[in-house]
Amino acid sequence: MTHILAIETATDACSVALYRDGEVLERFEPGARRQTERVLPLIDDLLAEAGIGLGALDALAFGQGPGAFTGVRVATSVVQGLAFSRDLPVAGVSTLAACALAAFDVHPTRSRVLAAFDARMGELYLGAYQCGADGMETLLADGLFDPDNVPALDGEDWLLAGSGAIYQERIAARVTLAAVDQAIMPRAPAVARLAAPLVAQGLTVPAEQAQPVYLRDRVV
Numbered sequence: 010m011t012h013i014l015a016i017e018t019a020t021d022a023c024s025v026a027l028y029r030d031g032e033v034l035e036r037f038e039p040g041a042r043r044q045t046e047r048v049l050p051l052i053d054d055l056l057a058e059a060g061i062g063l064g065a066l067d068a069l070a071f072g073q074g075p076g077a078f079t080g081v082r083v084a085t086s087v088v089q090g091l092a093f094s095r096d097l098p099v100a101g102v103s104t105l106a107a108c109a110l111a112a113f114d115v116h117p118t119r120s121r122v123l124a125a126f127d128a129r130m131g132e133l134y135l136g137a138y139q140c141g142a143d144g145m146e147t148l149l150a151d152g153l154f155d156p157d158n159v160p161a162l163d164g165e166d167w168l169l170a171g172s173g174a175i176y177q178e179r180i181a182a183r184v185t186l187a188a189v190d191q192a193i194m195p196r197a198p199a200v201a202r203l204a205a206p207l208v209a210q211g212l213t214v215p216a217e218q219a220q221p222v223y224l225r226d227r228v229v
């Protein structure tokens, strides 16, 4: 049985999950950026519920960004620390991909998802994905965009998901949207599910190579 502990803190919320051969347990707390103080207690609670310790884990996974600078750093630091302590491999997963998968879980008839986060400074982080029961395909690589210069995408069935939906009118000038859900956010269960095939294929890195992805050189 494969055990993967996943952490996702790229938004205001804190989410941790344990993947066990397809079954996923989660601890989730919304809130005002309390990840630093809450992520380790949530991990302890989750592992206690599952009845296992860190030594039973096969790998760690984390939402590596893009997202809020502090939140992405929290996930990276915690995963690095845990990985060093137990010599565990790490799989980094796009937070936009995790958002897209979470959106597909809520809207299973919307397989084409435009995941977008408000990046401040009048910009957004955005990626486009084709989601399905058998996996996910990236249609537009994650990037930092001006809402007025989002790449045009074919089709009329796009679901816009995430906090970047505050720019939906400007995005809609470039992409035909069928639905919008601003409340969707990346969650650790989606991170774990996306990481599972990477772990199975050995596409992991050691602790020191687990790095965040910011997509912006300017950090404020």
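My numbering applies: residue 10 is where the sequence shown begins, and numbers increase by one.
By construction, the Cβ of each residue, glycine as well, lies at the ideal position given by its N, Cα and C atoms.
For clarity, every value in this text was computed on a predicted model and none was experimentally measured.
Residue i to residue j span [Cα, whole Å]
| i | j | result |
| --- | --- | --- |
| A137 | Q220 | 22 Å |
| E58 | A65 | 14 Å |
| I61 | G101 | 23 Å |
| L153 | R129 | 11 Å |
| V48 | V200 | 15 Å |
| M74 | T213 | In the sequence as presented, Met is not what sits at residue 74; that position holds Gly. Taking the straight line joining both Cα atoms gives about 16 Å. |
Under 8 Å between C-beta atoms of residue i and residue j
| i | j | result |
| --- | --- | --- |
| E17 | A84 | yes |
| R202 | L110 | yes |
| L69 | V88 | yes |
| L56 | Y134 | no |
| A22 | E35 | no |
| A205 | Y28 | yes |
Cβ-based neighbour list, residue i, same chain, cut-off 6 Å, excluding 5 preceding and 5 following
| i | result |
| --- | --- |
| V228 | Reliability fails at V228, whose pLDDT of 41 lies under 50, so the model's placement of it is uncertain and no value is given. |
| T45 | V83 |
Supposed close pair residue i, residue j - CB separation, criterion 8 Å
| i | j | result |
| --- | --- | --- |
| I52 | L14 | 7 Å |
| L162 | A188 | About 15 Å; that fails the 8 Å criterion. |
| A26 | A192 | Wrong, their Cβ atoms sit about 19 Å apart, outside the cutoff. |
| H116 | D190 | 7 Å |
| A125 | G171 | 5 Å |
| E165 | T185 | 4 Å |
Cut-off 7 Å between Cβ atoms - residues of its own chain near residue i, not counting five sequence neighbours on either side
| i | result |
| --- | --- |
| G141 | S120 |
| P195 | E17, A19, T20, G72, T104, A107, C108, A111 |
Status (buried if at least 16 other CB within 10 Å, exposed otherwise) for residue i
| i | result |
| --- | --- |
| P160 | exposed |
| F113 | buried |
| P50 | exposed |
Cut-off 8 Å between Cβ atoms - residues of its own chain near residue i, not counting five sequence neighbours on either side
| i | result |
| --- | --- |
| L148 | R121, A137, Y138, Q139, L162 |
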